[in-house]
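Order-wise, the sequence lines are chains A and B. The opening residue of the first sequence carries number 0 in numbering that gives the first Met the number 0; numbering runs sequentially from there. The opening residue of the second sequence carries number 0 in numbering that gives the first Met the number 0; numbering runs sequentially from there. By construction, the Cβ of each residue, glycine as well, lies at the ideal position given by its N, Cα and C atoms. As the structure is a prediction and not an experimental result, all values here were calculated from the model. Here the structure is laid out as structure tokens; the discussion comes afterwards.
2 protein chains.
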Amino acid sequence: MTAQLQLIPLDGLPRVEPGDDLARLVAAALGEGALALEEGDVLVVAQKVVSKAEGRYARLAEVRVGDEATALAARAEKDPRLVQLILDESREVLRVRPGVIIVEHRNGYVHANAGIDRSNIDSDPEDPRVLLLPVDPDASARRLRASLAALTGVSVQVIINDSFGRAWRNGTVGVAIGCAGLEPLRNQVGEQDLFGNVLEVTEPAVADELAAAASLVMGQAAEGCPVVLVRGAQLAGGAGGSAALLRERGQDLFR
Amino acid sequence: MTAQLQLIPLDGLPRVEPGDDLARLVAAALGEGALALEEGDVLVVAQKVVSKAEGRYARLAEVRVGDEATALAARAEKDPRLVQLILDESREVLRVRPGVIIVEHRNGYVHANAGIDRSNIDSDPEDPRVLLLPVDPDASARRLRASLAALTGVSVQVIINDSFGRAWRNGTVGVAIGCAGLEPLRNQVGEQDLFGNVLEVTEPAVADELAAAASLVMGQAAEGCPVVLVRGAQLAGGAGGSAALLRERGQDLFR
């Protein structure tokens, strides 16, 4: 029988605060759940807790709004301070409509509002703050992998996921914005087509598929569950991070 | 502990031929695997076997190529007969470049080459044929659900998945092109933002997230495994099919 895939939500993670050692928190939660990491396991961690541990908050009161943000905020019908932060986090604005600004994030993802999160943040209404993406999610994933290896003796693969909207389809899906220890694309051996030509290589984006699966599990918990242990994924090892998931600008047909 | 998600690839499905009763084949394979369906289970079935059972083959020798297909084939550097079939299956051509034609399929999906598949088909090189998507994957999913309920006494939820490329990101991911018995989007309760405004509702595309997870499992098997049993998904019931996943043309920013 082919191996099955298991996704186990990790209970018992405390509220994460800036400066927290996420690897220690995860290791403790694993221990409480009587779960021991195994070779080949993948740990999928929600961007939100990585950002919180890294203290990626921005206080809106401290934002200095420029002219571009003022104009864009009017078009998007958003708070100009938030729009300034979105611009600061982005390379390019691709589309604008009321309520949404689609950008290329400075890390290369195309998504809404530079991934800046205002929900589920313990924020003072008198002094609101928002949560930015980690500075370098691949580096965050590598650190978490290394720290967990030091704590547990097992080098798991790590994916940091976030929920992105998509072109053409409604709803959000989990995608991998950072990874460590794995190859995010599975390279299929080139097949021949009916005419003997080698087909264009099909590459399943396995890191995104796992990120999506974990997102589903994270969303099931009443209060959300930011860490999911995945067993049986059989992902190939790799050191390249998540960059392979990003299509080069010149190759993209939908800019 | 929050319930875990299990994805169990179904071994023992024979090669599917036109006219086969897919529900009977699945029920038999479940029996061989000593697996009994349970309430809340989701069965994810690869488009390819649904199309095969429905006999959705087209012989290239029978295709009459029109002027539009001839011109488009030159731009796309594809077989004009295949391009004619792509046009026949599509409402609109969105983008063309050598090797790929991005269309809106007659069922509303935006994807490459109208999902027409030339790989893994037992085809005579002297008389090549290709495999089209099911005529109505939601109807296929509903039939499979009803037949399995009749055979097993359990009404599982059914997703028919296919692998789609995406804007902005490399690699393909599994998506739901048909579903039965489930709500493809999970409607989150509207949260309030920092300023007391209700946030735009976030709707995870849970059917796509599960389709992606199943696609990962399907691709792990050496010869592929077209049916995956999912346990623990906790998807809400619903009768609307997959249409809710398709963004209305006027709402889409990337046409």
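- For residue 204/B, which three-state DSSP category applies? Correct three-state label for residue 204/B: coil.
- Query: Can you tell me where the beta strand (DSSP E) with residue 111/B in it begins and where it stops?
  - Reply: Run containing residue 111/B: 109-111, per the beta strand (DSSP E) assignment.
- Query: What beta strand (DSSP E) runs, 3 residues minimum, are completely inside the stretch 50-129 of chain A?
  - Reply: When DSSP assignments are scanned along the stretch 50-129 of chain A, the uninterrupted stretches of beta strand (DSSP E) that are 3 or more residues long and fall wholly within it turn out to be 56-58, 89-96, 99-104, 109-111.
- Task: Could you work out which residue in 86/B, 16/B, 157/B, 126/B is closest to residue 39/B when comparing CA atoms only?
- Result: Cα-wise, what sits closest to residue 39/B is 157/B.
- residue 230/B - partner residues in DSSP beta bridges: BP columns for residue 230/B point to 5/B.
- Message: Which same chain residues end up closer than 8 Å to residue 219/A when comparing Cβ atoms and leaving out the 5 residues on each side of it in sequence?
- Response: Beyond the five residues adjoining it in sequence on each side, residue 219/A comes within less than 8 Å, by CB distance, of 8 in the same chain, given in chain order.
- residue 203/A and residue 171/B look like a contact to me (Cβ under 8 Å); what is the Cβ gap, rounded to whole Å? The pair is a contact, with the Cβ atoms about 5 Å apart (cut-off 8 Å).
- How should residue 97/B be labelled, buried or exposed, when 16 other C-beta atoms within 10 angstroms of its C-beta is the threshold for buried? The C-beta of residue 97/B has fewer than 16 other C-beta atoms within 10 Å across all chains shown, which makes the residue exposed.
- Message: Please classify residue 193/B as buried or exposed, where buried requires at least 16 neighbouring CB atoms within 10 angstroms.
- Response: The pLDDT assigned to residue 193/B is 43, lower than 50, so where the model puts this residue is not dependable, and the model offers no usable value.
- DSSP state of residue 168/A, grouped into three classes? Reduced to three states, the DSSP call for residue 168/A is strand.
- Given a cut-off of 8 Å, decide if residue 145/A and residue 178/A are closer than it, judged by their beta-carbon atoms. Taking 8 Å as the Cβ cut-off, residue 178/A and residue 145/A do not qualify as a contacting pair.
- Message: Across the stretch 232-250 of chain A and the stretch 236-244 of chain B, are there enough close Cβ pairs to call them in contact, namely three or more that are closer than 8 Å?
- Response: Counting Cβ pairs under 8 Å, fewer than three are found: no touch.
- Message: On the criterion of 16 or more Cβ atoms from any shown chain inside 10 Å, does residue 125/B qualify as buried, or is it exposed?
- Response: Its Cβ having fewer than 16 others within 10 Å, residue 125/B is exposed.
- Message: Suppose the cutoff is 7 Å on Cβ atoms and the five residues either side in sequence are ignored; what does the same chain contact list for residue 228/B look like?
- Response: Excluding residues within five positions, the ones whose Cβ falls inside 7 Å are 7, 9, 34, 40, 42.
- Query: Cβ atoms of residue 231/A and residue 4/A: under 8 Å apart, would you say?
  - Reply: When the beta-carbon positions are compared, residue 4/A and residue 231/A come within less than 8 Å of each other.
- Message: Closer than 7 Å between beta carbons: that is the criterion. Which residues of the stretch 206-220 of chain A meet it against chain B?
- Response: Identification of residues in the stretch 206-220 of chain A having a C-beta nearer than 7 Å to some C-beta of chain B yields 207, 208, 209, 211, 212, 214, 215, 216, 218, 219, 220, given in sequence order.
- Is the CB of residue 238/A under 8 Å away from at least one CB in chain B? Under the 8 Å criterion on CB atoms, residue 238/A is classed as non-interfacial with respect to chain B.
- Message: According to DSSP, simplified to helix, strand and coil, what is residue 154/A?
- Response: Secondary structure of residue 154/A (DSSP, three-state): coil.
- Per-residue contacts from residue 258/A into chain B (C-beta, under 9 Å): Here chain A has residues from 0 to 254 only, and residue 258/A is not among them.
- Task: Would you mind stating whether residue 115/A and residue 85/A have Cβ atoms separated by less than 8 Å?
- Result: The Cβ-Cβ distance between residue 115/A and residue 85/A falls below 8 Å.
- Item | Minimum Cβ-Cβ distance from residue 137/A to chain B less than 8 Å | Using a CB distance cut-off of 8 Å, residue 137/A does not count as an interface residue toward chain B.
- Message: Less than 6 Å between C-beta atoms, sequence neighbours within five positions excluded: which residues of the same chain meet that for residue 102/B?
- Response: Cβ neighbours of residue 102/B beyond the five flanking positions: 89, 92, 113.
- Query: Do residue 68/A and residue 131/A have their C-beta atoms within less than 8 Å of each other?
  - Reply: Judged by their CB atoms, residue 68/A and residue 131/A are not nearer to each other than the 8 Å cut-off.
- When the distance is taken between beta carbons, is residue 51/A closer than 8 Å to residue 13/A? In this structure, residue 51/A does not lie closer than 8 Å to residue 13/A by Cβ.
- Query: Can the beta-carbon of residue 80/B be found closer than 8 Å to that of residue 62/B?
  - Reply: Yes, Cβ-Cβ distance for residue 80/B and residue 62/B is below 8 Å.
- Task: For residue 127/A, I'd like the list of residues in its chain whose CB is within less than 6 Å of its CB, leaving aside the five on either flank, ordered along the chain.
- Result: Same-chain partners within the cutoff: 59.
- Take residue 26/A and list the residues in its own chain whose beta-carbon comes closer than 7 Å to its own, dropping the five residues that flank it on each side. The residues are 147, 150, 151.
- Query: By how many angstroms is the C-alpha of residue 123/B removed from the C-alpha of residue 195/A?
  - Reply: For residue 195/A, the pLDDT reaches just 49, beneath the cut-off of 50, and the residue's location in the model is therefore unreliable, leaving the point undetermined.
- Task: Report yes if the CB atom of residue 142/B is closer than 8 Å to the CB atom of residue 129/B, and no otherwise.
- Result: Contact flag unset, no.
- Message: Within 8 Å of any Cβ in chain A, is that where the Cβ of residue 192/B sits?
- Response: Low per-residue confidence applies at residue 192/B: pLDDT is 45, beneath 50, and the placement is therefore not dependable, though the value from the model is reported in the following sentence. It does: the Cβ of residue 192/B has a partner Cβ on chain A nearer than 8 Å.
- Can a CB atom of chain B be found closer than 8 Å to the CB of residue 202/A? Yes - at least one Cβ of chain B is within 8 Å of the one on residue 202/A.
- Task: Assign residue 165/A to buried or exposed, taking buried as 16 or more other Cβ atoms, counted over all protein chains shown, within 10 Å of its Cβ.
- Result: Under the 10 Å beta carbon count, residue 165/A is surrounded by 16 or more other beta carbons and is classified as buried.
- Within chain A, the residues that residue 173/B reaches when beta carbons sit closer than 7 Å: In chain order, 208 make up the part of chain A whose C-beta sits under 7 Å from the C-beta of residue 173/B.
- Message: Pull the bridge partners of residue 245/B from the DSSP assignment, please.
- Response: Paired residues: 168/A.
- Query: Looking only at DSSP bridge pairs, what is residue 161/A linked to?
  - Reply: For residue 161/A, which the question treats as bridged, DSSP gives the partners 174/A.
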